[in-house]
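Engineer: Before we start, here is the structure in question, set down as structure tokens.
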Amino acid sequence: MKAFRTLWASAGLLWLPGPALSAWQLNLPVPRSEIARQIHDLHTLILWVCVGIFVVVFGVMFYALWRHRKAAGHAARHFHENTAVEVAWTAIPFLILVGMAWPATRTILAQKDTSDPDLTVKVTGYQWKWEYDYLQEGVKYLSVLATPREQIENRAAKGEHYLLEVDEPLVVPVGRKVRVLLTANDVIHAWWVPALGVKQDAIPGFIRDTWFRAAAVGTYRGQCAELCGRDHAFMPIVVEVKSEADYRAWLADRKAKLAAAAAEAGKAFGLDELKARGEKVYAANCAACHQPDGKGIPGVFPAVDGSKVALGPRQGHIEVVLHGRPGTAMAAFGPQLSDVDLAAVVTYQRNAWGNRTGEAVQPAEVRALRK
Amino acid sequence: MQATHAPEHGHGPPGGLMRWVTTTNHKDIGTLYLWFAGVMFFVAGSMAMLIRAELFQPGLQLVQPEVFNQLTTLHGLIMIFGVIMPAFTGFANWQVPLMIGAPDMAFPRMNNWSFWLLPVAAAFLVGSTLLPGGAVAGGWTMYPPLFIQGGISYDLTIFAVHIMGASSIMGAINIITTILNMRAPGMGMMKLPLFVWTWLITAFLLIAVMPVLAGAVTMLLTDRNFGTHFFDAAGGGDPVLFQHVFWFFGHPEVYILILPAFGIISTILPTFARKPLFGYASMVYATASIAILSFLVWAHHMFTVGLPAGAQLFFMYATMLIAVPTGVKVFNWVATLWRGSMTFETPMLFAVAFVCLFTIGGFSGLVLAMAPVDIQLHDTYYVVAHFHYVLVSGALFSIYAGVYYWLPKWTGHMYDERLGRWHFWLSAISFNVLFFPQHFLGLAGMPRRIPDYALQFADFNRISSIGGFVFGASQILLLIVIVKCIRGGARAEARAWEGAQGLEWTVPSPAPYHTFLEPDVAERHLSPPLPQAGGPPSGDEGRGEGYAPELR
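Line by line, the protein sequences are chains E and H.
Residues are numbered in my numbering as their position in the first sequence, beginning at 1, plus a constant of 2.
Residues are numbered in my numbering as their position in the second sequence, beginning at 1, plus a constant of 1.
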């Protein structure tokens with residue numbers, strides 16, 4: 003019902019002038035990998051074959067529609083069935099199809115060849131973010147939509163990369179074969195970067211793989227391509243392709259940050275410090291369902307504000323966040339977030355809005371409850 | 002059947018509401034199916050209007066994402082199960098007995114039951130919007146695990162799908178039995194009107210795949226409520242299993258939605274070209290080939306799930322093969338028009354638009370059949386454009402063509418030709434404004450099923466929405482034409498169209514409540530079965546010259 007109220011309240015907004023940025027793009031994006039180029043060429047080939055057939059067949063039809071009208075005095079000729087013609091229009095399309103299948107077969111076999119990668123990244127889909135895990139490097143992080151809510155709700159002007167920007171992109175070196183291992187934590191997602199010609203479903207409980215080799219340095223953007231619930235439209239993919247040296251530098255910086263984070267996990271934090279950090283973690287991980295005001299969406303996502311869990315014993319609260327609620331949309335955040343972030347977000351939830359427990363949850367408590 | 006009653010003096014219908022609740026008359030039930038489809042069309046169409054309004058510009062304006070997902074899911078489910086399928090079943094009820102000279106359907110009571118199940122299922126689907134958590138929002142394809150997460154309305158949707166499936170299976174059994182057992186004496190299988198042939202094949206498809214859908218949704222039901230793990234990897238299941246089972250139903254379903262359309266178009270083009278269908282036998286064989294191939298191509302909906310290369314190749318080749326019999330159909334239609342004597346009344350306009358626009362949908366289908374290209378375009382607006390070209394300018398336009406074509410037979414009045422043409426031109430133009438730009442959106446990389454999008458997609462979305470609003474508004478014209486036609490208008494002849502062939506045109510307009518009570522009534526019209534080859538069709542009433550337009 004709330005949704006329908008919003009509907010009427012915002013109906014007037016429909017007529018506000020929209021943003022001027024646009025592209026009128028008519029074709030596939032400019033290919034930036036060998037596979038994407040083959041797909042592009044294959045599409046161009048089929049398109050022109052289809053246009054050719056269309057012009058010939060419907061040229062004949064429109065000629066007949068014009069010349070063979072009753073109004074033009076044309077009398078019907080009662081011919082029907084002609085074996086030669088019928089064999090021709092069965093055989094010729096068949097031969098055209100064989101001509102199209104040949105290049106397609108080559109591309110399929112190339113797409114499926116994930117052997118001998120230079121780099122392997124495990125990508126995990128969550129509702130509604132991506133996790134990138136550099137298996138050989140021990141580097142792992144989440145990638146979340148960076149577009150502010152104000153832009154989505156039309157309270158601020160939309161930026162150039164509206165809905166196609168993330169806080170932490172996937173970073174890969176140029177010219178290297180990157181093997182992507184895909185899985186998902188909750189529902190099926192699909193990892194798609196059009197310019198690199200790669201799209202693969204991420205299926206919970208199974209590992210699928212695909213690969214790409216970016217031909218040029220640059221930033222390539224894509225989106226989740228499998229309906230995955232409420233915020234399906236809001237989990238973009240950004241791949242930053244860097245030179246080998248820049249990639250190495252990025253990797254070193256990443257590792258240094260990880261070491262610093264590990265060091266702070268043993269430390270005790272003050273309440274305000276935890277709340278401030280927890281607010282950010284909440285916005286990135288919880289607000290999509292439980293809403294920024296903690297009220298949830300009645301009947302779909304429960305409220306945190308005033309909830310029994312957030313006001314009850316700390317252990318129960320931490321466990322729900324750590325392990326999720328199986329069979330519901332509530333995910334297990336234990337594998338996704340650090341002890342510090344988990345402690346911070348639990349602290350925030352227990353001290354935000356109308357919740358005033360005054361309790362600070364420390365990272366050590368979270369670590370003790372991890373199984 | 003009472004031999005003493007002439008058709009014109011048969012039992013009339015009882016009056017009032019109970020006539021419609023208790024009716025076992027094929028014409029009444031056909032009317033019920035068609036009105037049901039019409040009502041549901043406006044329900045699901047309003048949802049489409051909301052979808053297009055939300056997509057008019059970037060940002061969230063009208064609905065929240067979870068409501069948007071409910072709208073797309075219900076729009077799909079209702080349009081498929083509540084509009085296109087019941088409309089075709091309505092045509093089958095009205096026309097199959099009339100076209101084969103049967104007094105009614107084989108199982109009149111089951112016929113009543115299979116109709117009256119539908120409003121119940123529709124009430125579940127539409128009513129679930131009022132439940133806590135709102136209606137089903139996991140997409141009409143119902144993929145787990147997302148579908149497992151939903152609330153009570155998801156269980157209600159499963160129940161609704163079961164009911165609609167039962168209704169379809171009973172309808173299909175009825176149609177098959179009627180066609181195989183109740184043809185007028187002398188009407189062999191290869192003399193059946195093509196509409197009857199296409200429905201016979203469609204009915205076999207329905208019986209083959211509706212139980213598969215029932216199995217798939219039952220597994221969802223037990224996964225949701227009774228602790229099974231068919232689709233849950235944690236319990237040894239596989240989410241992709243659902244997709245295999247669903248699309249084993251889903252691809253033949255696509256042909257269930259289009260084969261009767263082929264039949265209607267193959268009836269209308271010869272009428273207004275005033276010459277027989279070019280290749281009757283090859284049309285029958287092409288229809289059967291498409292039906293058989295439809296069981297071998299299901300995984301082309303799943304090219305991105307990570308099938309092995311061998312499976313991708315097999316399903317790509319098999320899918321491309323379907324282009325051959327489909328091409329045969331299109332070439333046949335064009336050859337039927339060639340050197341005809343054409344007039345362009347509204348049914349003909351819709352039929353010609355069907356041939357042209359359905360073929361565009363066929364071409365985009367060919368593009369999507371190429372597995373590598375499909376990997377780029379899967380789950381984008383290109384796919385949305387493709388299936389609306391085959392289902393709106395395909396299935397729906399054929400339904401419009403059929404409604405205009407047979408309205409005189411059903412009501413006894415000619416419809417308003419001027420309004421009909423307005424309806425056609427507005428629909429055909431706005432349809433293309435609505436869906437053609439969506440090809441570009443998909444190619445440029447816009448995923449489907451999203452309530453908000455990046456700025457580069459803004460212009461084509463705005464154009465598409467404007468086309469959508471015009472298309473939606475134009476459909477009100479159809480309602481006006483139908484109501485006007487029921488209430489009055491020029492009297493329709495028994496043979497309402499100069500070039501119309503077939504037994505249904507030998508009975509008066511409107512068709513009496515009971516027709517063909519005596520088998521020899523049909524037989525009388527069947528002789529002489531074949532008019533002179535090369536001669537112009539006679540407009541003479543009462544002297545039928547062969548019931549199948551396909552027979553020279």
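Every residue gets a Cβ at the ideal spot worked out from N, C-alpha and C, and that includes glycine.
All of these numbers come straight from a predicted model, not from anything done at the bench.
So which residues of chain E does residue 454/H contact, with C-beta pairs closer than 8 Å?
Structural biologist: As a working note, residue 454/H is residue 453 in the second sequence. Those within 8 Å of residue 454/H in chain E are 165, 235.
Engineer: Given a limit of 8 Å on CB to CB distance, which residues of the stretch 58-74 of chain H reach chain E?
Structural biologist: 58, 59, 60, 61, 62, 63, 64, 65, 66, 67, 68, 70
Engineer: Which term fits residue 317/E, buried or exposed, when burial requires 16 or more other beta carbons within 10 angstroms of its beta carbon?
Structural biologist: For the purposes of this step, residue 317/E is identified with residue 315 of the first sequence, where counting begins at 1. With fewer than 16 Cβ atoms within 10 Å of its Cβ, residue 317/E is classed as exposed.
Engineer: From the DSSP output, read off the bridge partner residues of residue 145/E.
Structural biologist: Along the first sequence, read from residue 1 onward, the residue named residue 145/E stands at position 143. In DSSP, residue 145/E forms a bridge with 132/E.
Engineer: Secondary structure at residue 203/E, three-state DSSP: helix, strand or coil?
Structural biologist: To locate residue 203/E, count along the first sequence from 1; it is residue 201. It is a strand residue.
Engineer: May I ask you to list, following chain order, the residues of the stretch 297-325 of chain E that have a beta carbon less than 8 Å from some beta carbon of chain H?
Structural biologist: Under the 8 Å Cβ criterion, the stretch 297-325 of chain E contributes 299, 300, 301, 302.
Engineer: Given 8 Å as the limit, is there contact between the stretch 402-413 of chain H and the stretch 478-486 of chain H, that is, 3 or more CB pairs closer than that?
Structural biologist: At 8 Å Cβ cutoff, the stretches touch.
Engineer: Within this structure, are the beta carbons of residue 171/H and residue 86/H separated by less than 8 Å?
Structural biologist: As a first step, residue 171/H is located in the second sequence; it is residue number 170 there, counting from the start. As a first step, residue 86/H is located in the second sequence; it is residue number 85 there, counting from the start. The answer is no: Cβ separation not under 8 Å.
Engineer: Hey, out of 430/H, 290/H, 44/H, 441/H, whose CA is closest to residue 84/H's CA?
Structural biologist: Along the second sequence, one-based indexing puts residue 84/H at 83. Distances from the CA of residue 84/H to each of 430/H, 290/H, 44/H, 441/H were compared; the closest alpha carbon is that of 44/H.
Engineer: In chain order, what residues of the same chain have a beta carbon less than 6 Å from the beta carbon of residue 137/E, not counting five sequence neighbours either side?
Structural biologist: Here residue 137/E refers to the residue found at position 135 when the first sequence is read from its first residue. 122, 124.
Engineer: Taking a Cβ distance cut-off of 7 Å, strictly less, list which residues of the stretch 200-212 of chain E are near chain H, in chain order.
Structural biologist: 201, 202, 203, 205, 206, 207, 208, 210
Engineer: Who pairs with residue 387/H in a beta bridge, going by DSSP?
Structural biologist: Taking the first residue of the second sequence as 1, we reach residue 387/H at position 386. For residue 387/H, which the question treats as bridged, DSSP gives no partner whatsoever.
Engineer: So which residues of chain E does residue 48/H contact, with C-beta pairs closer than 7 Å?
Structural biologist: Translated into positions along the second sequence, residue 48/H becomes position 47. Chain E residues near residue 48/H: none, gap ~13 Å exceeds 7 Å.
Engineer: Exposed or buried, what is residue 245/E when buried is set at 16 or more other beta-carbons lying within 10 Å of its beta-carbon?
Structural biologist: Position 243 of the first sequence, counted from the start, is the residue given in the question as residue 245/E. Classification of residue 245/E: exposed, given that the 10 Å Cβ count is below 16.
Engineer: What is the residue span of the alpha helix (DSSP H) that residue 69/H lies within?
Structural biologist: In the second sequence, the residue the question calls residue 69/H occupies position 68. First-last of the alpha helix (DSSP H) with residue 69/H: 66-78.
Engineer: Can you give me the Cβ contacts of residue 422/H inside the same chain, cut-off strictly under 8 Å, excluding the 5 residues immediately before and after it?
Structural biologist: In the second sequence, counting from the first residue as 1, residue 422/H sits at position 421. Within the same chain, residue 422/H has close Cβ partners 347, 350.
Engineer: List the residues of chain H that residue 231/E touches, going by C-beta distances under 9 Å, in chain order.
Structural biologist: Counting from one through the first sequence, the residue named residue 231/E turns up at place 229. 66, 67, 70, 138, 139, 147, 150, listed in chain order.
Engineer: Would DSSP call residue 2/E helix, strand or coil?
Structural biologist: An answer regarding residue 2/E cannot be provided, because it is not within the stretch 3 to 373 covered by chain E.
Engineer: Would you mind working out which of 124/H, 505/H, 435/H, 280/H sits nearest residue 338/H, comparing C-alpha positions?
Structural biologist: Walking along the second sequence from the start, residue 338/H turns up at place 337. The shortest C-alpha separation from residue 338/H is found at 280/H.
Engineer: From 98/H, 140/H, 121/H, pick the residue whose C-alpha is nearest to that of residue 194/H; which is it?
Structural biologist: Taking the first residue of the second sequence as 1, we reach residue 194/H at position 193. The shortest Cα separation from residue 194/H among 98/H, 140/H, 121/H belongs to 98/H.
Engineer: Considering only their Cβ atoms, is the gap separating residue 59/H from residue 459/H smaller than 8 Å?
Structural biologist: If you number the second sequence from 1, residue 459/H lands on position 458. If you number the second sequence from 1, residue 59/H lands on position 58. Yes, Cβ-Cβ distance for residue 459/H and residue 59/H is below 8 Å.
Engineer: Considering only DSSP beta bridges, list what residue 194/E is partnered with.
Structural biologist: Here residue 194/E is taken as the residue at index 192 of the first sequence, counted from 1. Its beta-bridge partners are 201/E.
Engineer: Please report the distance separating the alpha-carbon of residue 185/H from that of residue 394/H.
Structural biologist: By 1-based counting over the second sequence, the position of residue 185/H is 184. By 1-based counting over the second sequence, the position of residue 394/H is 393. The straight-line gap from Cα to Cα measures roughly 34 Å.
Engineer: Can you name the start and end residues of the beta strand (DSSP E) that residue 242/E belongs to?
Structural biologist: As a working note, residue 242/E is residue 240 in the first sequence. From DSSP, the beta strand (DSSP E) with residue 242/E extends over 239-244.
Engineer: So residue 276/H contacts chain E; which residues on that side make the cut at Cβ distance below 9 Å?
Structural biologist: As a position in the second sequence, residue 276/H is number 275, starting the count at 1. The answer, in chain order, is 78, 79, 80, 81, 82.
Engineer: So the candidates are 470/H, 165/H, 344/H, 95/H; which of them puts its Cα closest to the Cα of residue 114/H?
Structural biologist: Numbered from its first residue, the second sequence carries residue 114/H at position 113. When each option's Cα is compared against that of residue 114/H, the closest is 165/H.
Engineer: For residue 299/E, list the residues DSSP reports as bridge partners.
Structural biologist: Numbered from its first residue, the first sequence carries residue 299/E at position 297. According to DSSP, residue 299/E bridges with 303/E.
Engineer: State yes or no: is the beta carbon of residue 133/H nearer than 8 Å to at least one beta carbon in chain E?
Structural biologist: As a working mapping, residue 133/H is identified with position 132 in the second sequence. Yes, because at least one Cβ of chain E sits closer than 8 Å to the Cβ of residue 133/H.
Engineer: Report the residue ranges of all alpha helix (DSSP H) runs contained in full by the stretch 90-164 of chain H; include only those spanning at least 4 residues, in chain order.
Structural biologist: 109-128, 147-150
Engineer: Within this structure, are the beta carbons of residue 253/H and residue 209/H separated by less than 8 Å?
Structural biologist: Here residue 253/H corresponds to residue number 252 of the second sequence, with the count starting at 1. Here residue 209/H corresponds to residue number 208 of the second sequence, with the count starting at 1. Going by C-beta atoms, residue 253/H is nearer than 8 Å to residue 209/H.
Engineer: Return the CA-CA distance between residue 83/E and residue 519/H, expressed in angstroms with no decimal places.
Structural biologist: Numbered from 1 along the first sequence, position 81 holds the residue referred to as residue 83/E. Numbered from 1 along the second sequence, position 518 holds the residue referred to as residue 519/H. Per the coordinates, the alpha-carbon of residue 83/E lies some 35 Å from the alpha-carbon of residue 519/H.
Engineer: Between 357/H, 321/H, 200/H, which has its C-alpha nearest residue 289/H's C-alpha?
Structural biologist: Counted from its first residue, the second sequence places residue 289/H at position 288. That would be 200/H, whose Cα lies nearest to the Cα of residue 289/H.
Engineer: Find the residues of chain E that neighbour residue 272/H, judging by a C-beta separation of less than 8 Å, and give them in chain order.
Structural biologist: The count along the second sequence starts at 1 and reaches residue 272/H at position 271. None at all; the shortest Cβ gap to chain E is about 11 Å.
Engineer: Hey, residue 118/E and residue 179/E: beta-carbon distance below 8 Å or not?
Structural biologist: Within the first sequence, residue 118/E is the residue found at index 116, counting from 1. Within the first sequence, residue 179/E is the residue found at index 177, counting from 1. Closer than 8 Å, so yes.
Engineer: Shortest alpha-carbon distance to residue 314/E belongs to which of 352/E, 331/E, 207/E, 165/E?
Structural biologist: Within the first sequence, numbered from 1, the residue matching residue 314/E stands at position 312. Residue 314/E has its Cα closest to that of 352/E, out of 352/E, 331/E, 207/E, 165/E.
Engineer: Could you give the DSSP three-state label for residue 437/H: helix, strand or coil?
Structural biologist: Position 436 of the second sequence, counted from the first residue, corresponds to residue 437/H. Helix, per DSSP.
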